[in-house]
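Here's the structure, in C-alpha cells; my notes come after.
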Amino acid sequence: MHKVTLLTSVLLAVSCVACTQETLEIDMHALTAEGTGAKIGTITVKDSATGTEFIPNLNGVSAGSHGFHIHEAANCGPADKDGQSVPGLAAKGHFDPGNTGVHAGPRGNGHLGDLPALNAGPDGKVVETVVAPRIKTSDLKGHALILHAKGDNYSDIPDPLGGGGARFACGVLR
Ligand SMILES: [Cu+2]
Ligand SMILES: [Zn+2]
87 MHKVTLLTSV LLAVSCVACT QETLEIDMHA LTAEGTGAKI GTITVKDSAT GTEFIPNLNG
147 VSAGSHGFHI HEAANCGPAD KDGQSVPGLA AKGHFDPGNT GVHAGPRGNG HLGDLPALNA
207 GPDGKVVETV VAPRIKTSDL KGHALILHAK GDNYSDIPDP LGGGGARFAC GVLR
C-alpha cells in the first residue's frame with residue numbers, strides 16, 4: 087500500500103516537471119519599412135536542462151551568421167528615426183531587465199535578451215538549434231524575437247549591439 091502510494095507520488099512529481107516545461111512556436115516575418123512582410127518560417131522555443139532551446143525552421147535567409155535577440159517590445163512594426171521609417175524599430179532595444187546597458191552575448195552579464203547567433207546554410211535555410219543558458223521560455227512573453235541582417239560578435243566593440251545592423255525578421259510573443 088505504502089509502496090504504491092510512493093510510486094504514485096514519484097510519477098506525479100515527474101509528470102509535473104514535464105508539464106511546467108512550455109513549448110512555444112513563434113511565426114517569424116520579414117520586416118519592411120511598412121511593417122511585416124512574408125512569413126519566413128517558425129522558431130520553436132522550449133526549456134531544457136541547459137537553458138532555453140531555440141529550434142529554427144526558416145527559409146530565405148542570406149548564408150552565414152545572423153544576430154538574434156529578444157527585443158523589449160512585442161511590436162514588429164517600423165518606427166521613425168531621423169525622419170526615416172526603420173523596419174522593426176518599434177521592437178525597441180535588446181531586452182535588458184537588469185539595465186546593464188551592455189551587449190555581451192548569451193553567456194555574458196549584459197542584456198538578458200542576447201541570444202546565440204543563428205546560422206543560415208548556403209540554401210538559405212536556418213535549422214540549427216541554439217541554446218540560451220541564462221533565460222527561461224517565460225522570459226520571452228511580452229517581447230519580440232529579432233533576426234538581424236548581419237552577424238553578432240557579442241560585444242559593443244567595434245560596433246554597438248554586436249554589429250548586427252538592420253533588423254531582418256521578427257516575431258512576437260504575447
Ligand atoms: Cu537585435
Ligand atoms: Zn544585446
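Residue 217 in my numbering is what sits at position 131 of the sequence shown, and the numbering runs on without skipping anything.
Yeah, the Cβ is synthetic: ideal placement off N, Cα and C, and Gly gets one too.
(request) Mark Pro173 as exposed unless 16 or more other C-beta atoms lie within 10 angstroms of its C-beta, in which case mark it buried. (result) Taking the first residue of the sequence shown as position 1, residue 173 is located at position 87. Classification for Pro173: buried.
(request) Verify whether the separation of the beta carbon atoms of Leu117 and Cys256 is less than 7 Å. (result) For the purposes of this step, residue 117 is taken as residue 31 along the sequence shown, with counting starting at 1. For the purposes of this step, residue 256 is taken as residue 170 along the sequence shown, with counting starting at 1. Cβ distance < 7 Å, so Leu117 and Cys256 count as in contact.
(request) Compute the beta-carbon to beta-carbon distance between Phe181 and Ile141, rounded to the nearest angstrom, for a pair I have assumed lies under 8 Å. (result) Position 95 of the sequence shown, counting from 1, holds the residue named residue 181. Position 55 of the sequence shown, counting from 1, holds the residue named residue 141. That belief does not hold up - the Cβ atoms of Phe181 and Ile141 are roughly 20 Å apart, past 8 Å.
(request) Kindly identify the DSSP beta-bridge partner or partners of Cys256. (result) To locate residue 256, count along the sequence shown from 1; it is residue 170. Answer is His115 and Ile232.
(message) Considering only their Cβ atoms, is the gap separating His234 from His115 smaller than 7 Å?
(response) In the sequence shown, counting from the first residue as 1, residue 115 sits at position 29. In the sequence shown, counting from the first residue as 1, residue 234 sits at position 148. Contact flag unset, no.
(request) Taking only heavy atoms of ligand 2 into account, decide whether any of them is closer than 6 Å to the Cβ of His189. (result) Stepping through the sequence shown from its first residue, residue 189 is reached at position 103. Yes; taking the cut-off as 6 Å, the Cβ of His189 has a heavy atom of ligand 2 nearer than that.
(message) Out of Leu175, Glu158, His197 and Ser148, which one is the CA nearest neighbour of Arg260?
(response) Residue numbering aside, residue 260 sits at position 174 when the sequence shown is read from its first letter. Checking every option, the nearest Cα to that of Arg260 belongs to Glu158.
(request) Mind listing, in chain order, the continuous beta strand (DSSP E) runs of no fewer than 3 residues lying wholly within the region 131-206? (result) For the region 131-206, the full-length beta strand (DSSP E) segments reaching 3 residues or more read 137-144, 150-152, 154-157, 165-167, 170-172 and 204-206 along the chain.
(message) I need the DSSP call for Gly123, collapsed to helix, strand or coil.
(response) The count along the sequence shown starts at 1 and reaches residue 123 at position 37. In the three-state scheme derived from DSSP, where H, G and I count as helix and E and B as strand, Gly123 is classed as strand.
(request) Compute the minimum distance between the beta carbon of Ile129 and the heavy atoms of ligand 1, and state whether it is under 6 Å. (result) The sequence position of residue 129 within the sequence shown is 43, counting from 1. Ile129: no, Cβ never under 6 Å from ligand 1.
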